[in-house]
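By the count of our numbering, the sequence shown reaches residue 941 at its end, each step adding exactly one.
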Amino acid sequence: MEDYDGSMQSGSFKHNSAFNAPSLATRLAFATLVPLACAGAQTIAPLDSLQQEADYRVIAARCGTPAFEKAFGRQSKAAVVAGLVSPNRDAAAVEKSITALRRSPLTLVASSSDCPAQLAQLEVVRKQRNGLVQRSPRSVPRP
């Protein structure tokens, strides 16, 4: 800051060339992060489906009766085993991810007056999955 003369007039501050040109380390860091950011864009969809499944389970626990929560949880786990939530992945790894992605119930359902609409949405999900889980070849128990 020794080049600054104290006035706020334009052109009175001389730019230091060290701040203008990016360093080699900065260029390398940027070059390394850009491909990672682009590769991360390809993994967004599976994480969204896992996050949605985790949110469904939290909403079922917050808004539903204990029997509804148990039934929905059982069907949700069957959908994971059947590969409906995240196809081509190990069911145990998917369950572990879903457990890790669970959010606070207050984040998802702010008040109990929101519960009827949320439960209606979960009921639609249950009805859609009901036939799919039973027809999936992966959901058939192995001897």
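Every residue gets a Cβ at the ideal spot worked out from N, C-alpha and C, and that includes glycine.
Given the structure is predicted, the values throughout are model-derived calculations rather than measurements.
Looking only at C-alpha atoms, which of the options sits nearest to residue i?
{"i": "proline 903", "options": "Ser847, Val931 and Ile857", "result": "Ile857"}
Evaluate residue i with the Cβ neighbour count: other Cβ atoms within 10 Å of its Cβ, from every protein chain shown; 16 or more gives buried, anything less gives exposed.
{"i": "aspartate 846", "result": "exposed"}
{"i": "leucine 882", "result": "buried"}
{"i": "serine 910", "result": "exposed"}
{"i": "valine 922", "result": "exposed"}
{"i": "alanine 865", "result": "exposed"}
Tell whether a beta-carbon distance below 8 Å holds between residue i and residue j.
{"i": "leucine 848", "j": "leucine 906", "result": "no"}
{"i": "arginine 901", "j": "aspartate 853", "result": "yes"}
{"i": "glutamate 851", "j": "isoleucine 896", "result": "yes"}
{"i": "arginine 855", "j": "glycine 871", "result": "yes"}
Leaving aside the five residues before and after residue i along the sequence, list all residues of the same chain whose C-beta is less than 7 Å from its C-beta, in chain order.
{"i": "serine 884", "result": "Pro844, Ser847, Leu848 and Val892"}
{"i": "cysteine 861", "result": "Val907, Cys913, Gln916 and Leu917"}
{"i": "alanine 877", "result": "Val883, Arg927 and Val931"}
{"i": "arginine 940", "result": "Only weak support is given to the placement of arginine 940: the predicted model assigns it a pLDDT of 47, under 50, and the value that follows is read from those uncertain coordinates. If we look at arginine 940 and ignore the five residues flanking it on each side, it has no Cβ neighbours."}
Please work out which residues of its chain come closer than 8 Å, Cβ to Cβ, to residue i, disregarding the five sequence neighbours upstream and downstream, and give them in chain order.
{"i": "asparagine 928", "result": "Gln873"}
{"i": "valine 832", "result": "Here the model assigns valine 832 a pLDDT of 41, short of 50, so the residue's position is not dependable and the matter cannot be decided."}
{"i": "lysine 747", "result": "The structure shown does not extend to residue 747, since the chain spans only 799 to 941, so no value can be given for it."}
Are there any heavy atoms of the ligand NAP lying less than 7 Å away from the beta-carbon of residue i, as far as the coordinates show?
{"i": "glutamine 926", "result": "By its list of ligands, the structure shown contains no ligand whatsoever, and the ligand NAP lies outside what it can speak to."}
Spatial neighbours of residue i within its chain, please: C-beta separation below 6 Å, excluding the five flanking residues on both sides.
{"i": "alanine 859", "result": "Glu867"}
{"i": "glutamine 919", "result": "none"}
{"i": "alanine 869", "result": "none"}
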